[in-house]
Each structure stands twice: as C-alpha cells, then as structure tokens.
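K.L.:
Okay, here's the structure, questions in a sec.
Residue numbers (the UniProt record's numbering): 1 to 402.
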C-alpha cells in the first residue's frame, strides 16, 4: 500500500465519487464492501443517509496479527492515521424492528429482528459472512462494526460517546466473536482527524491477553524482560511491564537479559525513542515541522526493528518491505496491521505515487508470482491519502463528523 503525502492542506480528495446503490454517496477511495440497511421497498430519497468509516494504518510500533502491539501490552505509545479508504453503509430508518442488510459483493438479503440480536443469532450470521471483509490488515472488522453502530444510533436518536463506542467494539469482538482484540483499531477510526497523527499513550490500559501462542509468546517475553530489569535495579514492587523500566535502568542493566529478551526490550525502547522522547528526532517532531524525510526514516527504522528485534514478519512480508524501500519516491516503509500477514505501507512523495505503485507491483510479482496471482490486479497496491474520522454523509453530499 502506498500512501502519497499531499503537498498542500485541505480535505482529503475523493476524485470520481458518485452515487452508489440506493443513491448513497460512494467515495471513490472507499472499500468495495458496501452494505445497505434499508426498509422494504424503500426508494432513495430524503431519508437516506450514509455512514463512512475510514480504515487505519499504524505508523510506529510493530503489531502482531489483528493488531496486538508490543507497545500496547507494555504500556507504551502508538501513532496511527486513518486513510481515505473505508467501509460505506447506506441506511434508511425502518418502520418496525426488522433489519435488512444487503451488500454489493454478495447475493441475497439478510433479514433479522432486533430480538435476534439478544439471542446471538445475528452474531453467528456475521461470523459466517465476515470473510468478505478481509482487507489485509486495514481494520475492516472495526470499520464494519462502527458502520452498523452508527446506523442504529442515528435511527434511534442515541448519543453515545466515542469512548463508549470504542469499548462496545472491543466487547463485541471479545465476547461474541471470540477475538481477543484490544482498542487500537476503533480508537484510530473514531479519534483520528485529517492532517493529524493520532498519538495514543497506553499507560494504565486494561486489556485481555490473546489466547493464540504467537501473541502470548511476545507478551510473556516482554514481561520477563521487564521483570529481570526491575529485579536488577531493585524495583521489584513495580508491575512487570517495560513502561515501568526507565531507559536509564535499561541501559545500565540490559546485560542481564537473555538474547531473545534483549531483542524484545531493544525493540520496545527504540520504538519509544522514535515516537515520543529521547535525543533522536521523534515522529511527532518530524510531523509537526513537516519534515517527511525524517518521518520516513523513523518509520523505516521501526520496520527494521520489527524484523530484527521483535522477530515479526514472514518471507512474503519482508520481501514487500524491502521492495518498498527501493521504490522511487518512497520516504519510509513498514508493516501495518500485521507482521506475519497483512500489508505494508509506505509514505511516498505525492507526485511519484503512481510511479512507486507500478514499481512495487512489478517487482513483487517477480518475487512472489503465485501469491500475486491470487490478488485482484486493482488491489495489489492501493494509492491513498490521509483520511478523517468516521462520519455521516447526508444525501446532498454534505459531511458531518460522527
């Protein structure tokens, strides 16, 4: 995925946007998955509203599959950004408790009543059909949920804060779908603003540990590294997370760590320097000053640390990362959304975005011909721009922030 950097400010451009099914406004950069929440025989008219939920990318701090982050589990700091690709929901209020769902990608219509949601039957149906929303680590599940939340909130005149919506998303995925997700994705989707990096400090965050081995192994190793460093410094009363280890303590006692624990700790502390503090130029500083060269270098350094120190990645992902670094106009690259699968992002000069995209598509096809053959040609490299938060789109095209 190549994200061009606009040279001038202003709203994100959606060239070629038009009217989709039932008259819904469809941004040209929106995800192809369009769901419609309509009443029987409803026609496109003044009642129709659309809700567009942007997807997000993680600029700094490596993430594991479904975006579990070393920084999140260790009380660290994450920087994210939304893009102008997402999921669009067009909806019209119904006169009864029946809900109809229709997608542009699948045949048929799903019908259910609100009472079915209580019994869990709707959740089971969602699990059966969610494979169509796989978008390579760009938070499509969270985007899809927030589209549905917005529709139900709007037609029922409910006012729910962003914080409560974030927790609701986490609760649904944890309790009903069996996914031990955190809150990174919904936080980025709902709290991001155009032209800004979203800065998230996870100190004190309550969370559930994921059940899969890959997640727990990294989390356990980080906790063990923290325990050893705190013990060596005589601060054993503190919780075993790396956020509780001062960087001075780390430098003084890192020699006590075993090799794998040393790599995990090095990844964490180097990421924190890149994001928030230290003698190095930080991402926040580079972004605030508009120095995209420095920002790109820090993003690439984060990608290298993800591979070398956090030992995240696969042959296919690492090859894509390395190709991106060689592409014309690319300022920096890293994994986003996953390391073992998902996608890579790059920050690229806007006037060279198409050139970079063509280079990456051609070179990656040489490296992974069988894998590339399974990806639709128009989805192999996505040229996108910074986006905004989730929002309602009225029939006349005016946009309201959610």
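Using N, Cα and C, we set each Cβ at its ideal position, and we do this for glycine too.
So, are the CB atoms of residue 272 and residue 199 less than 7 Å apart?
P.N.:
For residue 272 and residue 199, no; Cβs fall outside 7 Å.
K.L.:
Below 7 Å CB to CB, which residues in the same chain sit around residue 320 once its five sequence neighbours on both sides are set aside?
P.N.:
For residue 320, where only same-chain residues beyond five positions count, the Cβ hits under 7 Å are 344, 364.
K.L.:
DSSP beta-bridge partners for residue 222?
P.N.:
None, per the DSSP bridge assignment.
K.L.:
What residues in its chain sit with their C-beta under 7 Å from that of residue 236, if we drop five residues either side in the sequence?
P.N.:
Counting only Cβ-Cβ distances below 7 Å, and skipping sequence neighbours, we find 230.
K.L.:
Tell me the DSSP bridge mates of residue 198?
P.N.:
Partner(s): 80.
K.L.:
Report the rounded CA-to-CA distance for residue 311 versus residue 391, giving the unit in angstroms.
P.N.:
When rounded, the distance between both Cα atoms is 37 Å.
K.L.:
Would residue 369 be called buried (16 or more neighbouring beta carbons within 10 Å of its own) or exposed?
P.N.:
It counts as exposed.
K.L.:
Is residue 186 near the ligand ZN, with its Cβ less than 6 Å from a heavy atom?
P.N.:
The model depicted lacks the ligand ZN and carries no ligand whatsoever.
K.L.:
Cα-Cα, which of 372, 315, 267, 290 is closest to residue 306?
P.N.:
Selected option, being the one with the closest Cα: 267.
K.L.:
In terms of DSSP beta bridges, what is residue 333 paired with?
P.N.:
According to DSSP, residue 333 bridges with 346.
K.L.:
Check whether the Cβ atoms of residue 188 and residue 169 lie closer than 7 Å to each other.
P.N.:
No, they are not a contact pair.
K.L.:
Take residue 253 as the anchor and find which of 228, 240, 238, 274 has the nearest alpha-carbon.
P.N.:
Ranking the options by Cα distance to residue 253, first place goes to 228.
K.L.:
What is the C-beta distance between residue 156 and residue 186, in whole angstroms, given that I count them as a contact (C-beta under 8 Å)?
P.N.:
About 20 Å separates the two Cβ atoms, so there is no contact after all.
K.L.:
Who are residue 98's beta bridge partners in DSSP?
P.N.:
According to DSSP, residue 98 bridges with 113.
K.L.:
With DSSP as the reference, label residue 257 as helix, strand or coil.
P.N.:
Coil at residue 257, not helix or strand.
K.L.:
Could you name the residues that DSSP lists as bridge partners for residue 386?
P.N.:
DSSP, once it has assigned bridges, lists 83 as partnering residue 386.
K.L.:
Can you tell me where the alpha helix (DSSP H) with residue 305 in it begins and where it stops?
P.N.:
Start and end: 292 to 308.
K.L.:
Pop quiz: residue 144 and residue 91 are said to be a contact at Cβ under 8 Å. What is the actual Cβ separation, rounded to whole angstroms?
P.N.:
The Cβ separation is near 13 Å, so there is no contact.
K.L.:
So residue 147 and residue 191 are in contact, right, with Cβ under 8 Å, and what is the actual spacing, rounded?
P.N.:
Incorrect: roughly 17 Å between the Cβ atoms, too far for contact.
K.L.:
Cα-Cα, which of 288, 94, 318, 98 is closest to residue 196?
P.N.:
Nearest of 288, 94, 318, 98 to residue 196, Cα basis: 288.
K.L.:
Whole angstroms is fine: what's the gap from residue 352's alpha carbon to residue 303's?
P.N.:
Spanning the two alpha carbons is a distance of roughly 22 Å.
K.L.:
How is residue 161 classed by DSSP in three states: helix, strand or coil?
P.N.:
Reduced to three states, the DSSP call for residue 161 is coil.
K.L.:
Between the C-alpha atoms of residue 350 and residue 240, what's the straight-line distance to the nearest angstrom?
P.N.:
Cα to Cα, residue 350 sits roughly 44 Å from residue 240.
K.L.:
Among 258, 269, 194, which has the Cα closest to the Cα of residue 224?
P.N.:
Selected option, being the one with the closest Cα: 258.
K.L.:
On the CB-based measure, 16 or more other CB atoms within 10 Å of its CB, does residue 238 come out buried or exposed?
P.N.:
With fewer than 16 Cβ atoms within 10 Å of its Cβ, residue 238 is classed as exposed.
K.L.:
Which stretch, first to last residue, makes up the alpha helix (DSSP H) that contains residue 356?
P.N.:
Run containing residue 356: 353 to 367, per the alpha helix (DSSP H) assignment.
K.L.:
Pull up the distance between the alpha-carbon of residue 380 and that of residue 372, whole angstroms please.
P.N.:
Whole-angstrom Cα-Cα distance: 8 Å.
K.L.:
As a quick exercise: from 104, 323, 81, 111, pick the residue whose alpha carbon is nearest that of residue 94.
P.N.:
Here the closest residue by C-alpha is 111.
K.L.:
With a threshold of 6 Å on Cβ separation, who are the neighbours of residue 309 within its own chain once the five nearest residues in sequence on each side are excluded?
P.N.:
Around residue 309: 263, 266, 267.
K.L.:
Residue 285 to residue 153, Cα distance in whole Å?
P.N.:
In a straight line, the C-alpha of residue 285 is about 38 Å away from that of residue 153.
K.L.:
Within this structure, are the beta carbons of residue 232 and residue 248 separated by less than 7 Å?
P.N.:
Contact: no.
K.L.:
What does the alpha-carbon distance come out to for the pair residue 37 and residue 242?
P.N.:
Annotation note: pLDDT 32 at residue 37 (below 50); position unreliable, coordinate value reported separately. In a straight line, the C-alpha of residue 37 is about 45 Å away from that of residue 242.
K.L.:
Just to confirm, is the Cβ distance from residue 346 to residue 333 under 7 Å?
P.N.:
Going by C-beta atoms, residue 346 is nearer than 7 Å to residue 333.
K.L.:
Mind checking residue 274: buried by the 16 CB within 10 Å criterion, or exposed?
P.N.:
Buried, because 16 or more other Cβ atoms sit within 10 Å of the Cβ of residue 274.
K.L.:
Using a Cβ-Cβ cut-off of 8 Å (strictly less than) and excluding sequence neighbours within five positions of residue 159, which residues of its own chain qualify?
P.N.:
Contacts found: 153.
K.L.:
Could you give the DSSP three-state label for residue 237: helix, strand or coil?
P.N.:
Correct three-state label for residue 237: coil.
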